[in-house]
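For the sequence shown, position 168 (counting from the first letter as 1) is numbered 168 according to full-length UniProt numbering, and the numbering increases by one without interruption. Below is one structure, written out as structure tokens, with a few remarks after it.
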Amino acid sequence: MARLSHLLVSVASQMLVGGDISVPCLIGAAGGIPASEKREGDRATPLGTYRLSTVLMRPDRVVPPPGIALPWRWTAKADGWSDDPEDPAYNRPVRHPHRHSAERMWRDDGLYDIVVTLSHNTPAIPGAGSAVFLHCTAAKPHTAGCVAVERGALLTLLPLLAAESYLSIV
1 MARLSHLLVS VASQMLVGGD ISVPCLIGAA GGIPASEKRE GDRATPLGTY
51 RLSTVLMRPD RVVPPPGIAL PWRWTAKADG WSDDPEDPAY NRPVRHPHRH
101 SAERMWRDDG LYDIVVTLSH NTPAIPGAGS AVFLHCTAAK PHTAGCVAVE
151 RGALLTLLPL LAAESYLSIV
């Protein structure tokens, strides 16, 4: 099986393209901005090229497709992702309860049933944006800054991605 080393997201067309695959995607409500201008809570998607780091999947809702080359793990109900610039664990996974603000990775709306973490703001600079992921879409016209695609498209892409794949947002 030929693996994809690179995915491209066009902010203008709101399409994600990789090899022969082209799927609609959602971006942040504030559109795309240069990564150097990204700030926590600005609802913008950071432009740039990011390594696809780890796949997170919810065990009660997802059957992993065979052949995933990226590192992956199951999420648990206590999993979170720090979004508080004052937190020493800012822009990293945490466990709830957590004394700082942190997104819950176990959600009822299905957005995080499948998440691919990106290398945006790694190592973390406090306030420069956290929890920028590639994840599933919901019934909304935009995200809070992530890139989102239909669940089926994400499941199709996962086994096609190489262990060192990148996502460019332009």
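Beta carbons are placed, not taken as given, at the ideal position from N, Cα and C, and that holds for glycine.
Taking only three categories from DSSP, how would you classify P65? Stepping through the sequence shown from its first residue, residue 65 is reached at position 65. Residue state, collapsed to three classes: coil.
From this set, P123, G32, G145 and P71, which residue's C-alpha is nearest N91's C-alpha? The sequence position of residue 91 within the sequence shown is 91, counting from 1. Minimum Cα distance to N91 is reached at P123.
Reducing DSSP to helix, strand and coil, say where L157 ends up. Taking the sequence shown and counting its residues from 1, the one referred to as residue 157 is at position 157. Helix at L157.
Same chain, Cβ closer than 6 Å to H98, five either side skipped, listed in chain order: As a first step, residue 98 is located in the sequence shown; it is residue number 98 there, counting from the start. Excluding positions up to five away in sequence, the list reads G80.
Pick out the complete beta strand (DSSP E) segments inside the segment 69 to 120, 3 residues or longer, and give them in chain order. 72 to 74, 79 to 82, 93 to 95, 102 to 104 and 114 to 118
Measure the alpha-carbon distance for E103 versus L134 and round it to whole angstroms. Looking up residue 103 in the sequence shown gives position 103. Looking up residue 134 in the sequence shown gives position 134. The alpha-carbon atoms of E103 and L134 are separated by roughly 15 Å.
What separation, rounded to the nearest whole angstrom, lies between the Cα atoms of Q14 and H100? One-based indexing of the sequence shown puts residue 14 at position 14. One-based indexing of the sequence shown puts residue 100 at position 100. Straight-line Cα distance between these residues: approximately 33 Å.
In whole angstroms, what separates the C-alpha of R61 from that of L167? Sequence index remark: in the sequence shown, residue 61 carries index 61 (1-based). Sequence index remark: in the sequence shown, residue 167 carries index 167 (1-based). The alpha-carbon atoms of R61 and L167 are separated by roughly 25 Å.
What does DSSP give as the partner residue(s) for L10 in the beta ladder? Here residue 10 is taken as the residue at index 10 of the sequence shown, counted from 1. According to the sequence as given, residue 10 is Ser; it is not Leu. Note: S10 sits in a beta bridge opposite M15.
Would you check if the segment 42 to 49 and the segment 142 to 157 touch, i.e. whether three or more CB-CB distances between them fall below 8 Å? Short answer: they touch.
If I follow the unbroken beta strand (DSSP E) through T54, where does it start and stop? Taking the sequence shown and counting its residues from 1, the one referred to as residue 54 is at position 54. Counting along the chain, the beta strand (DSSP E) containing T54 begins and ends at T45 to M57.
Let me know if I169 comes out buried or exposed under the rule of 16 or more other beta-carbons within 10 Å of its beta-carbon. To locate residue 169, count along the sequence shown from 1; it is residue 169. Flag for I169 reads buried.
Compute the Euclidean distance between the alpha carbons of P24 and V149, then round it to the nearest angstrom. Your numbering for residue 24 matches position 24 in the sequence shown. Your numbering for residue 149 matches position 149 in the sequence shown. Between P24 and V149, the C-alpha separation is close to 7 Å.
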